[in-house]
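Novice: If you're matching positions, the sequence shown starts at 1 in this note's numbering and goes up one per residue.
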Amino acid sequence: MLAKELDFSCYVQIAPSGTVSIEGVQCMRNNGFNYSGSESAEPAFLEQLDRQGYFPYIRGAANALWRDGYFGPVCFDSMKLADGTLRHIVEINARMSMGFINFQLDKKLRSMGASSRLTVMSLAWESGRCDYERLIEQLDREGLLFRKERPFGIT
C-alpha cells in the first residue's frame, strides 16, 4: 500500500479543436475508497505542483485523449505520497465530476467573498420516502441555506 499524503484532482476542458484548458485543482477527502468531498487547493500546493512539472504532464495526457477522439470535461485524479512524490494520474474521469462542479461553484462564491467546500452526506428519512422540498424548507427555516444576504451555509 502506498503511503499517501493527499488525494487531489485536476480539472481540464478539452475543446473540439484540441485546445486544452487547465481549469483548476481541488484537494479531495476520501473515506476508504469512497469520495466524501473536496475543496480548492491552496496556492502553495499549486506552486509545488508547478515546480514538479505536474501541469505539463496533465496537458500531455489531455492532448492524448483528444488525439483518441475525446473532447469535453475531464478530471485527472492524482496523489501526493508522504515522501512528496506525485502519482500524476491515478484515475481519469472523462466527464463532469462532483469535484469539478464544486470547483465551478467555488469560483462563483469567491466572487462574492465566500468559498465552497463540498461534503457528501447520507440522509435517512423516517417515513422511508425522500422529501427534498421539506428538507430544503427546514434548512432554510434554520438559517442553514446559502443566500446572497447570508453568504454562508448549504448550497
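Glycine included, every Cβ here is placed at the ideal spot set by N, Cα and C.
With burial defined as no fewer than 16 other Cβ atoms inside 10 Å of the residue's Cβ, what is the status of Asn30: buried or exposed?
Specialist: Locating residue 30 in the sequence shown gives position 30, counting from the first residue. Per the 10 Å Cβ criterion, exposed.
Novice: Looking at Ser122: is its Cβ nearer than 8 angstroms to the Cβ of Phe8?
Specialist: The residue you call residue 122 lines up with position 122 of the sequence shown. The residue you call residue 8 lines up with position 8 of the sequence shown. Contact flag unset, no.
Novice: Whether or not the region 129-137 and the region 64-76 are in contact is what I'm after, with contact meaning three or more pairs of Cβ atoms, one per stretch, closer than 8 angstroms; do they touch?
Specialist: With a cut-off of 8 angstroms, the region 129-137 and the region 64-76 do not count as touching, because too few Cβ pairs lie within range.
Novice: Ignoring anything shorter than 4 residues or poking outside the region 88-117, list the alpha helix (DSSP H) runs there in chain order.
Specialist: Fully enclosed alpha helix (DSSP H) runs of 4 or longer: 98-110.
Novice: Which stretch, first to last residue, makes up the beta strand (DSSP E) that contains Gln26?
Specialist: Mapped onto the sequence shown, residue 26 falls at position 26. 20-31 is the extent of the beta strand (DSSP E) around Gln26.
Novice: Take the Cβ of Lys80 as the centre, count every other Cβ of all protein chains shown within 10 Å, and call the residue buried at 16 or more, exposed below.
Specialist: Taking the sequence shown and counting its residues from 1, one reaches residue 80 at position 80. Buried, because 16 or more other Cβ atoms sit within 10 Å of the Cβ of Lys80.
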